[in-house]
Amino acid sequence: MKKSSLIVLVSVLTIIPFIALLDVPGYAKSAPSLGGLPFFYWYQIMWLFLATALFGSAALMWNRTEESE
Amino acid sequence: MLSYLGIGIFIALFVVFVFLGVWGRNYKKGDLRKMDEWAVGGRHFSVWIVWFLVGADLYTAYTFIAIPSSVFGVGAIYFYAVPYVALTFGVAMWAMPKLWKISKKNGYVTAADFIKGYSKSSLLAVLVAIVGIVAELPYIGLQIVGMLSVLTVMLQGIGNIGLVTDTALIISFVILAAFTFFNGLRGATLTAIFKDAIILLSVAIVVIVVASTTNIANAFTLASATGHHYILLPSQFNAYWSLFLMSALALYLYPHAVTGSLSAKSPKVLRTSQSLLPLYGVGLAFLALFGVFVYANPSAMSFLTTHYLPTSRGTYVVPALIFYTLPSWLTGFAFLGIFIGGLVPASIMAISQSNLLTSNIIKEFRPNLKGSTETWIAKIAAVIFIFIAVGFVFIFPLTYSVQLQLLGGIIILQTLPSLFIGLITDKMHKYALSLGLLVGLGFGFYFMEVANHYSTWTTTLIQTNTEFGPFFIGLFALLANLIVVGVGTLVFNYAGKKGNAAPAPAKE
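Sequence order for the protein chains is A and B. Here numbering that gives the first Met the number 0 is used: position 29 in the first sequence is 28, and no number is missing along the way. Here numbering that gives the first Met the number 0 is used: position 71 in the second sequence is 70, and no number is missing along the way.
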């Protein structure tokens, strides 16, 4: 992968969780709840998993490109 | 009081933990008398050890005590810790491998080393070192609150409440000071693995047991009946995002986080382990929810209301919930997890402080300091810092102990322009960076006084108007800092050009 396209891709993967969590008015509500847990709580817990996946893939791609340099 | 079986398990595991600390000194043997061995463990830790080490920094009294306490006593706004943890590693993944590479190349051990390297300003480096040391103090204070609260619940009943908390505080201080003095980071790393094993196990057990026995919907109903808001109000939106965004930016400015990052084997190891850290936040999220779940546990609630005033009650939420949910031997196990969950990070923080003191402040004035003298000073200083940190325990009422971490955040954020912007460009003027840092600190403390009406500190949020609601003070202090850095750079460069006809030397 070219360095410039890597930087764009890694930036996008990093920024997605920021956008999802900065949209506070979008998730500060109680419905739909999950197992008694209001939406506000499980939405943010879900983003812990998604952030790990997104940051993790960004890191892997980054490392692989550095290796091939 | 916890049964003798529970206390026995607590003590037995603590002995194992101390033994690991002593034995850890022989692990990948290095000479502990050398400063860099004692401080960053010789820079050869692998991806998993770094994952544990940095993760250990995350599972602290902040996670176990402060956040659940505030969720219990204030409401949904203190769930900000979850987006904070989700995002901070996105920041770290970009900044820290770069800092690692530059540090490796030049033999830097601290952020102040790096800042001195690119800015050529001793003044700025010393300022950043001092700010780093000061910002760690309330954070260590918070860890001591964590150790203290678990001992308090464990010893409840041996005497009156004053005697119990005083005893708990003294034991916490002595153990922390001795542990730090004798071990350094090398011991702390191996014990961090042990600690995380205990913690992850107890979090898993406690979460499963509590979640399966709690009617969650009912807990939210009971919690909301207190008048606290368990869904954010529109007026809290700005406070919420400013709290988590500023905290996410602040974490990797802390000296202990820099130390942890620099001890990675390679920038790749560092990047991978950081990118996987948000997962640690799941346990944190459930612990935060314990601040709500406890409302549905009548025994824990009656214990809390009988023994503690509202100003300190929140601190004991997680220990009490564990005490009334788990069998006593498991309680002993989980209590030890929380106890060393304060001890290990506090120790790492104190080591980072003394590291800054010797290599960036004392050596600035006495460059010919002997290695053995330096290590000796560092060890003594670590103990003194811990002693000062004890004082911070009394600044905020215990229920609001999360404010200790947020106060540290306001302070350490002022080094963001010097460190993070310094990683991107060296074009900012050194005087502008120093001035910005001081202005940011000034604003921070001024806003703290205004927000708390010049009396006891209970909040780090400052009210704007009714439409926007309150914001985290760290945001405004950082903005003031950034404006001074930007404008100052223009002014100093302009003045520099006028006063000096020769063109500035080209940057390499």
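Even glycine gets a Cβ: it sits at the ideal position worked out from N, Cα and C.
In or out: B/GLY487 buried (at least 16 other Cβ within 10 Å) or exposed?
Numbered from 1 along the second sequence, position 488 holds the residue referred to as residue 487 of chain B. B/GLY487 is buried by the Cβ-count criterion.
Quick one, which residues of the region 16-39 of chain A are near chain B if we go by CB-CB under 8 angstroms, in chain order?
Within the region 16-39 of chain A, the residues whose Cβ lies closer than 8 angstroms to any Cβ of chain B are, in chain order, PRO16, PHE17, LEU20, LEU21, VAL23, PRO24, ALA27, LYS28, SER29, SER32, GLY34, GLY35, LEU36, PRO37, PHE39.
Use the C-beta contact count for B/LEU489: other C-beta atoms within 10 angstroms, 16 or more gives buried, fewer gives exposed.
As a working mapping, residue 489 of chain B is identified with position 490 in the second sequence. Using a 10 angstroms sphere on the CB of B/LEU489, the tally of other CB atoms stays under 16, which defines it as exposed.
Tell me which residues share the same chain as B/THR357 and place their Cβ nearer than 6 angstroms to its Cβ, disregarding the 5 neighbours each side in the sequence.
Position 358 of the second sequence, counted from the first residue, corresponds to residue 357 of chain B. Excluding sequence positions up to five before and after B/THR357, its CB lies within less than 6 angstroms of the CB of GLU373, ILE376, ALA377, all in the same chain and listed in chain order.
For B/PRO469, list the residues DSSP reports as bridge partners.
Walking along the second sequence from the start, residue 469 of chain B turns up at place 470. For B/PRO469, which the question treats as bridged, DSSP gives the partners B/GLN462.
N- and C-terminal bounds of the alpha helix (DSSP H) containing B/PHE88
Along the second sequence, one-based indexing puts residue 88 of chain B at 89. For B/PHE88, the enclosing alpha helix (DSSP H) begins and ends at 80-105.
Any C-beta of chain B sitting closer than 9 angstroms to the C-beta of A/LEU47?
Walking along the first sequence from the start, residue 47 of chain A turns up at place 48. Under the 9 angstroms criterion on CB atoms, A/LEU47 is classed as interfacial with respect to chain B.
Helix, strand or coil at B/LEU406 [DSSP, three-state]
Within the second sequence, numbered from 1, the residue matching residue 406 of chain B stands at position 407. It is helical.
Does any CB atom of chain A fall closer than 9 angstroms to the CB of B/PRO366?
As a first step, residue 366 of chain B is located in the second sequence; it is residue number 367 there, counting from the start. Contact of B/PRO366 with chain A is not assigned, every C-beta pair being separated by 9 angstroms or more.
Those residues which DSSP pairs with B/HIS228 across a bridge:
Here residue 228 of chain B refers to the residue found at position 229 of the second sequence. The partner list for B/HIS228 (beta bridge, DSSP) reads B/GLY74.
Looking at C-alpha atoms only, which residue of A/VAL11, A/GLN43, A/LEU36, A/GLY34 is the closest neighbour of A/GLY25?
Within the first sequence, numbered from 1, the residue matching residue 25 of chain A stands at position 26. When only C-alpha atoms are compared, the closest one is A/GLN43.
Determine whether the beta carbon atoms of B/GLN404 and B/ALA65 lie at a separation below 9 angstroms.
Within the second sequence, residue 404 of chain B is the residue found at index 405, counting from 1. Within the second sequence, residue 65 of chain B is the residue found at index 66, counting from 1. Cβ distance < 9 angstroms, so B/GLN404 and B/ALA65 count as in contact.
Could you give the distance in angstroms between the alpha-carbon of B/LEU283 and the alpha-carbon of A/THR64?
Against the second sequence, residue 283 of chain B aligns to sequence position 284. Against the first sequence, residue 64 of chain A aligns to sequence position 65. In a straight line, the C-alpha of B/LEU283 is about 33 angstroms away from that of A/THR64.
Looking at the strands, I want to know which residues DSSP matches up with A/LEU36.
Sequence index remark: in the first sequence, residue 36 of chain A carries index 37 (1-based). The partner list for A/LEU36 (beta bridge, DSSP) reads A/LEU33.
Are B/ALA476 and B/GLY421 closer than 9 angstroms when you measure CB to CB?
Taking the first residue of the second sequence as position 1, residue 476 of chain B is located at position 477. Taking the first residue of the second sequence as position 1, residue 421 of chain B is located at position 422. In this structure, B/GLY421 does not lie closer than 9 angstroms to B/ALA476 by Cβ.
Alpha helix (DSSP H) containing A/SER3: first to last residue?
Position 4 of the first sequence, counted from the first residue, corresponds to residue 3 of chain A. Unbroken alpha helix (DSSP H) run through A/SER3: 2-21.
Decide yes or no for the touch test of the region 387-404 of chain B against the region 132-143 of chain B: beta carbon pairs closer than 8 angstroms, at least 3 of them.
At 8 angstroms Cβ cutoff, the stretches touch.
Can you check whether the CB of B/VAL281 is closer than 9 angstroms to the CB of B/LEU320?
On the second sequence, residue 320 of chain B is found 321 positions in, with the first residue counted as 1. On the second sequence, residue 281 of chain B is found 282 positions in, with the first residue counted as 1. The Cβ atoms of B/LEU320 and B/VAL281 do not sit closer than 9 angstroms to each other.
Contact set between the region 267-280 of chain B and chain A, restricted to residues whose Cβ is under 7 angstroms from the partner
Those would be LYS267, ARG270, THR271, SER274, LEU275, PRO277, LEU278, GLY280, in chain order.
Between the Cα of B/ALA124 and the Cα atoms of B/TYR445, B/LEU147, B/LYS429, which residue gives the shortest distance?
Taking the first residue of the second sequence as 1, we reach residue 124 of chain B at position 125. Nearest option by C-alpha distance: B/LYS429.
Alpha helix (DSSP H) segments (min. 4 residues) lying fully within the region 264-312 of chain B:
Listed in chain order, they are 266-274, 280-292, 297-306, 309-312.
Using CA coordinates, which residue listed in B/ILE385, B/LEU474, B/SER353 is at the minimum distance from B/LEU460?
Taking the first residue of the second sequence as 1, we reach residue 460 of chain B at position 461. B/LEU460 has its Cα closest to that of B/LEU474, out of B/ILE385, B/LEU474, B/SER353.
Counting Cβ pairs closer than 8 angstroms, one from the region 441-458 of chain B and one from the region 393-400 of chain B, do we hit at least three?
Contact holds between the region 441-458 of chain B and the region 393-400 of chain B, because three or more Cβ pairs, one in each stretch, are under 8 angstroms apart.
When you compare each of B/LEU86, B/ILE132, B/LYS362 to B/LEU244 by their alpha carbons, which one comes out closest?
As a working mapping, residue 244 of chain B is identified with position 245 in the second sequence. It is B/LEU86.
Neighbourhood of B/ALA134 by C-beta, 7 angstroms cutoff - its chain only, sequence neighbours within 5 removed
Position 135 of the second sequence, counted from the start, is the residue given in the question as residue 134 of chain B. Excluding sequence neighbours, B/ALA134 sits near TYR253, GLY407, ILE410, ILE411.
In three-state DSSP terms, what is B/LEU368?
As a first step, residue 368 of chain B must be located in the second sequence, where it is residue number 369. DSSP places B/LEU368 in coil when its eight states are reduced to three.
Note down the Cα distance separating B/ILE339 from B/GLY485, rounded to an integer number of angstroms.
Residue mapping note: residue 339 of chain B aligns to position 340 of the second sequence, counting from 1. Residue mapping note: residue 485 of chain B aligns to position 486 of the second sequence, counting from 1. Rounded to whole angstroms, the gap between the alpha carbons of B/ILE339 and B/GLY485 is 43 angstroms.
Three-state secondary structure (DSSP) of B/ALA393:
As a position in the second sequence, residue 393 of chain B is number 394, starting the count at 1. The identity of residue 393 of chain B in the sequence shown is Phe, whereas the question assumes Ala. B/PHE393: coil per DSSP, three-state reduction.
Contacts that A/THR13 makes with chain B (C-beta to C-beta distance below 8 angstroms):
For the purposes of this step, residue 13 of chain A is taken as the residue at position 14 of the first sequence. Against chain B, a Cβ distance below 8 angstroms from A/THR13 picks out GLY89, MET92, TRP93.
Which ranges does the beta strand (DSSP E) cover as unbroken runs of at least 3 residues, wholly within the region 102-179 of chain B, from first to last along the chain?
Listed in chain order, there is nothing to give.
With 9 angstroms set as the bound, which would you pick, yes or no: does the beta-carbon of A/LEU59 sit closer than that to a beta-carbon of chain B?
One-based indexing of the first sequence puts residue 59 of chain A at position 60. A/LEU59 counts as touching chain B.
Status (buried if at least 16 other CB within 10 Å, exposed otherwise) for B/PRO277:
As a working mapping, residue 277 of chain B is identified with position 278 in the second sequence. Note on B/PRO277: 16 or more other CB atoms within 10 angstroms of its CB, so buried under the neighbour-count rule.
Given this structure, state the Cα-to-Cα distance separating B/ASN359 from B/LEU368, to the nearest angstrom.
Mapped onto the second sequence, residue 359 of chain B falls at position 360. Mapped onto the second sequence, residue 368 of chain B falls at position 369. In this structure, the CA atom of B/ASN359 is about 12 angstroms from the CA atom of B/LEU368.
Between A/LEU47 and B/VAL81, which are expected to be in contact by the criterion C-beta below 8 angstroms, what is the C-beta distance as a whole number of angstroms?
Counting from 1 along the first sequence, the entry for residue 47 of chain A is found at position 48. Counting from 1 along the second sequence, the entry for residue 81 of chain B is found at position 82. About 7 angstroms; that satisfies the 8 angstroms criterion.
On the three-pair Cβ rule with 8 angstroms, is the region 236-251 of chain B touching the region 72-79 of chain B?
Contact between the region 236-251 of chain B and the region 72-79 of chain B is present: three or more C-beta pairs spanning the two stretches fall below 8 angstroms.
Cβ atoms of B/ALA60 and B/GLY145: under 9 angstroms apart, would you say?
As a working note, residue 145 of chain B is residue 146 in the second sequence. As a working note, residue 60 of chain B is residue 61 in the second sequence. Taking 9 angstroms as the cut-off, the Cβ atoms of B/GLY145 and B/ALA60 count as close.
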